[in-house]
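**Q** In our numbering, the protein residues as written are 1 to 451.
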Amino acid sequence: MKEQVQLHKDQFIDELKQFLQIPSISALSEHKQDVQKAAKWLANSLEKIGMENVEVIETDGHPIVYGDWLHAEGKPTVLVYGHYDVQPSDPLELWETPPFDPVVRDGKIFARGATDDKGQLMIHVKAAELLMKENNGKLPINMKFCIEGEEEVASPNLSPFIQNNKEKLSADAVVVSDTSFINKKQPAICTSLRGALALEIKLKTANTDLHSGSYGGGVPNAVHSIVRLLESLHDEKGKVKVKGFYKGVPEPAGDLRKEVAEIPFDEEEMRNELEIEELYGEEGFTFNERTGIRPTLEINGVGGGFQGEGLKTIVPSEAVAKISCRLVGEQDPSEVYDRILEHVEKYKPSGSRVTIQKLIQAHPVSLDSKDPMIQKAADAYEKVYGVRPLFPKEGGSIPIVEVFARVLDAPVVLMGFGLNTENLHAPNEHFHLENFTKGIETVCEYLSDLS
Ligand code: BES
Ligand code: MN
Ligand code: MN
Numbered sequence: 001m002k003e004q005v006q007l008h009k010d011q012f013i014d015e016l017k018q019f020l021q022i023p024s025i026s027a028l029s030e031h032k033q034d035v036q037k038a039a040k041w042l043a044n045s046l047e048k049i050g051m052e053n054v055e056v057i058e059t060d061g062h063p064i065v066y067g068d069w070l071h072a073e074g075k076p077t078v079l080v081y082g083h084y085d086v087q088p089s090d091p092l093e094l095w096e097t098p099p100f101d102p103v104v105r106d107g108k109i110f111a112r113g114a115t116d117d118k119g120q121l122m123i124h125v126k127a128a129e130l131l132m133k134e135n136n137g138k139l140p141i142n143m144k145f146c147i148e149g150e151e152e153v154a155s156p157n158l159s160p161f162i163q164n165n166k167e168k169l170s171a172d173a174v175v176v177s178d179t180s181f182i183n184k185k186q187p188a189i190c191t192s193l194r195g196a197l198a199l200e201i202k203l204k205t206a207n208t209d210l211h212s213g214s215y216g217g218g219v220p221n222a223v224h225s226i227v228r229l230l231e232s233l234h235d236e237k238g239k240v241k242v243k244g245f246y247k248g249v250p251e252p253a254g255d256l257r258k259e260v261a262e263i264p265f266d267e268e269e270m271r272n273e274l275e276i277e278e279l280y281g282e283e284g285f286t287f288n289e290r291t292g293i294r295p296t297l298e299i300n301g302v303g304g305g306f307q308g309e310g311l312k313t314i315v316p317s318e319a320v321a322k323i324s325c326r327l328v329g330e331q332d333p334s335e336v337y338d339r340i341l342e343h344v345e346k347y348k349p350s351g352s353r354v355t356i357q358k359l360i361q362a363h364p365v366s367l368d369s370k371d372p373m374i375q376k377a378a379d380a381y382e383k384v385y386g387v388r389p390l391f392p393k394e395g396g397s398i399p400i401v402e403v404f405a406r407v408l409d410a411p412v413v414l415m416g417f418g419l420n421t422e423n424l425h426a427p428n429e430h431f432h433l434e435n436f437t438k439g440i441e442t443v444c445e446y447l448s449d450l451s
């Protein structure tokens with residue numbers, strides 16, 4: 001397959017560029033039409049390679065793109081999941097080249113969505129195309145594509161769609177490329193993803209901002225109040241202080257810790273790369289543990305009061321904070337939300353009114369690396385990269401993976417081809433083209449092997 005991939009490489013990269021040009025930012029309503037455009041582009045590209053029953057399925061939010069090819073009688077069925085939506089691209093001034101004007105530099109393609117997830121998703125489309133070309137328009141196995149446009153907003157509409165279409169989506173394995181290698185040389189198949197819960201806290205004091213001379217020191221200050229409230233969320237050892245937060249978190253027993261410790265991690269390299277003097281986190285845990293098997297509560301942003309040029313001497317009356325938690329084990333996002341509500345009620349400084357809004361939620365998921373569908377994927381990587389993948393626990397979330405595993409009762413194979421250093425969600429996102437082409441080879445190997 002290597003020769004086939006090399007032969008078509010330039011064409012594949014051109015197509016990926018077209019896909020990357022569409023600013024399909026799911027979180028921003030002004031991009032709704034662009035998200036539609038990306039869905040149509042993808043549907044068209046599935047149709048062109050020979051997929052059947054291709055549909056752009058409208059939802060209450062952004063569409064789901066479906067297509068299948070089901071003529072490999074008696075052979076297994078693989079459902080490919082991915083997302084064609086992308087994160088917002090700001091701050092624009094930090095991009096070396098514009099986010100939706102893809103360019104190749106040093107063997108990497110730069111654009112928003114390059115690694116997360118358009119580049120990784122296209123690996124499967126192009127692998128299917130090559131397998132069909134090789135084999136007179138036939139695939140060695142049955143294939144279904146189910147690609148969504150709302151992953152970056154926690155998949156609110158795909159979840160009910162899966163519940164209502166179990167038959168249509170049934171498969172022997174769900175295959176997803178939306179995770180990362182350990183480093184350039186070390187491939188990985190991720191075996192757990194953390195869940196998530198995000199919320200927004202609005203805090204109000206007086207009914208208006210006030211002169212800090214006439215009123216300061218005599219009335220509550222909304223920014224002081226939110227700072228105190230936020231400070232109450234952690235103790236000095238980095239533990240989350242919300243009562244009941246750790247319910248359902250597995251004890252970090254010997255086996256689990258050993259498994260996590262097997263994933264290489266170079267602290268000094270990370271400190272240098274990020275230009276920080278020290279790492280940080282819950283006392284008694286390593287970096288891999290803190291980001292893989294422990295839950296967290298992070299303040300994503302705080303606002304309030306005067307932030308403009310120069311000075312305005314006021315006592316601010318409003319402040320807001322955005323918070324997201326990463327969840328593990330049996331932690332339930334709805335329960336964690338309730339516990340946070342209780343905490344805020346108890347710890348909000350007197351003289352402040354607080355309103356809280358849940359933004360998103362997702363359950364954690366754990367997968368069995370011994371599953372034959374995962375082991376066969378590992379074989380395919382080993383053939384192409386010459387190295388057997390490791391099985392790390394990922395700190396990020398792919399909300400729908402837990403739903404696929406539970407509702408379809410199928411193994412989920414998280415065969416990622418990204419790198420954590422490819423600036424996903426940040427300026428100058430990129431994807432190593434070597435992993436694009438080798439990824440296509442790997443997927444071809446895998447699907448052929450499954451037949
Ligand atoms: N592809 C990522 C998940 C991921 C992140 C995998 C880092 C491997 C390493 C996915 O697109 C993502 O960003 N998910 C969001 C989900 C959230 C909005 C619920 C995340 O993890 O923040
Ligand atoms: Mn992703
Ligand atoms: Mn993402």
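Using N, Cα and C, we set each Cβ at its ideal position, and we do this for glycine too.
Taking only three categories from DSSP, how would you classify Asn-157?
**A** Reduced to three states, the DSSP call for Asn-157 is coil.
**Q** Spatial neighbours of Val-35 within its chain, please: C-beta separation below 7 Å, excluding the five flanking residues on both sides.
**A** Ser-24, Ser-26, His-62, Asp-85 and Gly-149
**Q** Going straight from the alpha carbon of Glu-3 to that of Leu-131, what length do you get?
**A** 13 Å
**Q** Which residues mark the beginning and the end of the beta strand (DSSP E) in which Gly-303 is found?
**A** 296-304
**Q** Among the candidates Pro-156, Met-373, Thr-291 and Asp-117, whose CA atom is the shortest distance from the CA of Phe-436?
**A** Closest by alpha carbon: Asp-117.
**Q** Looking at the unbroken alpha helix (DSSP H) that takes in Leu-256, where does it start and where does it end?
**A** Its alpha helix (DSSP H) spans residues 254-261.
**Q** Any heavy atom of ligand 1 closer than 7 Å to the Cβ of Asp-178?
**A** yes
**Q** So Leu-327 and Val-336 are in contact, right, with Cβ under 8 Å, and what is the actual spacing, rounded?
**A** 6 Å
**Q** Would you identify the three-state DSSP class for Ala-405, choosing helix, strand or coil?
**A** helix
**Q** Does the stretch 107-122 come into contact with the stretch 3-21, if we say contact requires no fewer than three beta-carbon pairs (one atom in each stretch) closer than 8 Å?
**A** yes
**Q** Is the beta carbon of Met-415 less than 8 Å from the beta carbon of Val-175?
**A** In this structure, Val-175 lies closer than 8 Å to Met-415 by Cβ.
**Q** Under 8 Å by Cβ, that's how I've got Leu-297 and Cys-325 pegged, so tell me the actual separation to the nearest angstrom.
**A** With 8 Å as the limit, Leu-297 and Cys-325 qualify as a contact, their Cβ atoms being about 5 Å apart.
**Q** For Asp-68, write down the residues that DSSP places opposite it in a beta bridge.
**A** Glu-52 and Lys-144
**Q** Taking 8 Å as the cut-off, decide whether the C-beta atoms of Ser-89 and Pro-99 are in contact.
**A** A contact, by the Cβ cut-off of 8 Å.
**Q** Could you say which of Gly-281, Phe-285 and Lys-348 lies nearest to Ile-236 if we only look at CA atoms?
**A** The sequence given here has Glu at residue 236, not Ile. When each option's Cα is compared against that of Glu-236, the closest is Gly-281.
**Q** Report the three-state DSSP secondary structure of Glu-181 (helix, strand or coil).
**A** The amino acid at residue 181 is misidentified as Glu; the sequence shows Phe. Here Phe-181 sits in coil by DSSP.
**Q** If Leu-79 and Leu-169 are in contact, beta carbons under 8 Å, what's the gap, nearest whole angstrom?
**A** About 6 Å; that satisfies the 8 Å criterion.
**Q** Roughly how far, in whole angstroms, is the beta-carbon of Lys-204 from the beta-carbon of Ala-188, given that I think they are within contact range, below 8 Å?
**A** Not a contact, Cβ separation roughly 46 Å.
**Q** What does the alpha-carbon distance come out to for the pair Thr-421 and Leu-274?
**A** 11 Å
**Q** Could you tell me the distance, in whole angstroms, from the CA atom of Glu-151 to the CA atom of Ser-317?
**A** 35 Å
**Q** Which residues end up in the neighbourhood of ligand 3 when you take C-beta atoms closer than 6 Å to any of its heavy atoms?
**A** Gln-87, Asp-116, Glu-152, Leu-424 and His-425
**Q** Return the CA-CA distance between Gly-488 and Lys-243, expressed in angstroms with no decimal places.
**A** Past the edges of the chain, shown from 1 to 451, lies residue 488, and the structure says nothing about it.
**Q** Would a C-beta distance cut-off of 8 Å place Leu-447 and His-432 closer than the cut-off?
**A** no
**Q** Of the choices Asp-266, Phe-306 and Val-260, whose alpha-carbon is the least far from that of Phe-285?
**A** Considering only alpha carbons, the answer is Val-260.
**Q** Would you give the residue range spanned by the beta strand (DSSP E) that Met-415 belongs to?
**A** 412-415
**Q** Starting from Gln-357, follow its DSSP beta bridges and name the residues at the other end.
**A** Glu-200
**Q** Per DSSP, Glu-318 forms a beta bridge with which residues?
**A** Lys-204
**Q** Starting from Lys-383, trace the alpha helix (DSSP H) in both directions and tell me its first and last residue.
**A** Counting along the chain, the unbroken alpha helix (DSSP H) around Lys-383 starts and ends at 372-385.
**Q** What do you reckon, are the CB atoms on Tyr-452 and Phe-145 nearer than 8 Å?
**A** No statement about residue 452 is possible, as the shown extent of the chain runs from 1 to 451 and does not include it.
**Q** Is Phe-110 helix, strand or coil when you go by DSSP?
**A** strand
**Q** Measuring only the C-alpha atoms, how far is Lys-383 from Val-302?
**A** 48 Å
**Q** Who are the Cβ neighbours of Phe-404 in its own chain at under 6 Å, not counting the five residues just before and after it?
**A** Val-174 and Val-412
**Q** Measuring only from the beta carbon, is His-83 closer than 7 Å to any heavy atom that is part of ligand 2?
**A** Yes, the Cβ of His-83 comes within 7 Å of a heavy atom of ligand 2.
**Q** Using only CA atoms, which one of Thr-313, Leu-199 and Val-54 lies nearest to Tyr-215?
**A** Thr-313
**Q** So, helix, strand or coil for Ile-293, using DSSP?
**A** coil
**Q** Measure the alpha-carbon distance for Gln-33 versus Ala-253 and round it to whole angstroms.
**A** 49 Å
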